[in-house]
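Below is one structure, written out as structure tokens; comments come after it.
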Amino acid sequence: METLDAQRDQLFLGIKYVLQGNTYHFDAVKQEAAKRLLFHMQSYGKRVTRANYQAQTAIIDSMLADWNTESNLQEAVTLLKLTEWINRLQEVNREFNEHYIARVSDTAANPMVSFYSLRTDAKTSYRSFLAAIRAYQTLNTNEAYAAIYHKIYELARQYNQVVKMRRKASKRSVEEE
Numbered sequence: 002m003e004t005l006d007a008q009r010d011q012l013f014l015g016i017k018y019v020l021q022g023n024t025y026h027f028d029a030v031k032q033e034a035a036k037r038l039l040f041h042m043q044s045y046g047k048r049v050t051r052a053n054y055q056a057q058t059a060i061i062d063s064m065l066a067d068w069n070t071e072s073n074l075q076e077a078v079t080l081l082k083l084t085e086w087i088n089r090l091q092e093v094n095r096e097f098n099e100h101y102i103a104r105v106s107d108t109a110a111n112p113m114v115s116f117y118s119l120r121t122d123a124k125t126s127y128r129s130f131l132a133a134i135r136a137y138q139t140l141n142t143n144e145a146y147a148a149i150y151h152k153i154y155e156l157a158r159q160y161n162q163v164v165k166m167r168r169k170a171s172k173r174s175v176e177e178e
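Be aware that the sequence shown starts at 2, since it is given in the numbering used here, and climbs by one per residue.
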């Protein structure tokens, strides 16, 4: 999708530069046509290629619709032989929009789960699991529950110790920089 956006930006800027160059054309009629199209283009803003995806798509669609329907702008396009540029920009803009809509639809259909919510759910499940083992240990005479509980407790203690050591090491390296 980024390559389509880059193509779209290049085409938009290419048309803009062709128009700017034609404002210095020796033929006054072509010069006026370029100024007319450039003025219309600039009426959509100076930083169109830096607008967000949706805004840029809408701006280009609107601008090109005007260039294809308003007779004075159509004449200028024909006179400056920009039809090939405009057709390609319309095509890339349409293709970009289709990819963008597909990506948005895909994202909406498959929402991303945050790490924070996964960690919170894991903590809750872990604590419930330990509580269940502790309850079985209390209610049963089977020593296996006590052994499992103590092994899990010891693993968690060692893990927490590793985390503390990494935090200290990380803090020291940040302070040294």
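Note that CB positions come from ideal geometry on N, CA and C, so glycine has one too.
Here the structure is a predicted model, which is why all the values come from computation and not from measurement.
Own chain residues within Cβ distance below 6 Å of residue i, not counting five before or after
i	result
Lys36	Thr24
Ala34	Ala77, Leu80 and Leu81
Asn98	Thr58
Ile16	Trp86
Beta-carbon separation (whole angstroms), residue i vs residue j, contact threshold 8 Å
i	j	result
Asn94	Thr58	6 Å
Leu5	Leu20	The Cβ separation is near 23 Å, so there is no contact.
Tyr150	Gln138	6 Å
Arg117	Ile134	One detail in the question is off: residue 117 reads as Tyr in this sequence, not Arg. Not confirmed; about 26 Å, so no contact.
Residue from the options whose Cα sits closest to the Cα of residue i
i	options	result
Asn7	Glu96, Val105 and Glu155	It should be noted that the sequence gives Ala, not Asn, for residue 7. With distances taken between Cα atoms, Ala7 lies closest to Glu96.
Val30	Asn73, Ile61 and Val49	Asn73
Gly22	Lys172, Ala66 and Leu83	Leu83
Phe13	Ala148, Asp28, Phe27 and Arg51	Arg51
Gln43	Asn53, Leu90 and Ile60	Ile60
Which of helix, strand or coil DSSP assigns to residue i
i	result
Phe13	helix
Phe40	helix
Arg51	helix
Val114	coil
Glu76	helix
Rounded C-alpha distance that separates residue i from residue j
i	j	result
Tyr101	Gln55	9 Å
Thr121	Thr142	33 Å
Ser65	Arg167	The displayed chain sequence assigns Leu, not Ser, to residue 65. Answer to the nearest angstrom: the Cα atoms are 57 Å apart.
Lys169	Tyr160	14 Å
Short CB-CB distance (under 8 Å) between residue i and chain C
i	result
Ala77	Given the protein chain composition of this structure (a single chain), no chain C is represented.
Proximity test, residue i beta-carbon vs the ligand SAM heavy atom, cut-off 7 Å
i	result
Lys172	Only the bare structure without any ligand can be found here, which leaves the ligand SAM out of the picture.
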